[in-house]
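Comments concern the structure below.
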Amino acid sequence: MQKIEKLPVFGYRGNSYFFDIYPLQQDYPSLPGIYIIAKRVPAPNALYTIVWVGHTDSFKNIPTELQQDCTKTNGANSIGLIKVEKEEDRLAIVKEITERFKPICNMVANS
Numbered sequence: 663m664q665k666i667e668k669l670p671v672f673g674y675r676g677n678s679y680f681f682d683i684y685p686l687q688q689d690y691p692s693l694p695g696i697y698i699i700a701k702r703v704p705a706p707n708a709l710y711t712i713v714w715v716g717h718t719d720s721f722k723n724i725p726t727e728l729q730q731d732c733t734k735t736n737g738a739n740s741i742g743l744i745k746v747e748k749e750e751d752r753l754a755i756v757k758e759i760t761e762r763f764k765p766i767c768n769m770v771a772n773s
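Numbering (the numbering used here) for the sequence shown: 663 to 773.
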């Protein structure tokens, strides 16, 4: 996988999480963790709009969610991955990031 960069993402409590950013549609590793799907606008300092936040027992399971109309409609072109072993930790971090950024696809899925 060709990593683009490391992106710090701050949750609503001020905690920071450092995601490895890759182009969308990569072969993902079989590791548990959290992922963000985002629209990346290259610039001298890339700008990101997070459109989906999720967690999984294995990043290999992500591609089915990438096919959602919402992520395509919102121009998603990159994915951020961070390894987090415990499901309870993953759930707490996803909640923290979702509360801060209110990603459009999470909001649509939960409405």
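Cβ coordinates follow ideal geometry from the N, Cα and C atoms, glycine included.
query                                                                                        : result
For residue 710, the residue or residues it bridges with in DSSP                             : 702
Contact the region 698-715 vs the region 745-752: 3+ CB pairs below 8 Å                      : no
Three-state class that DSSP yields for residue 751 in the structure shown                    : helix
DSSP-derived helix/strand/coil call for residue 770                                          : helix
Given residue 689 as reference, the closest of 734, 714, 665, 733 once Cα atoms are compared : 665
Residue 671 versus residue 759: straight-line alpha-carbon distance, rounded                 : 8 Å
Reference residue 767; option with closest CA among 754, 718, 737                            : 737
DSSP state of residue 756 mapped onto helix, strand, coil                                    : helix
Secondary structure of residue 764, DSSP reduced to three states                             : coil
Buried or exposed (CB count within 10 angstroms, at least 16 for buried), residue 740        : buried
Residue 682: first and last residue of the uninterrupted beta strand (DSSP E) it sits in     : 678-685
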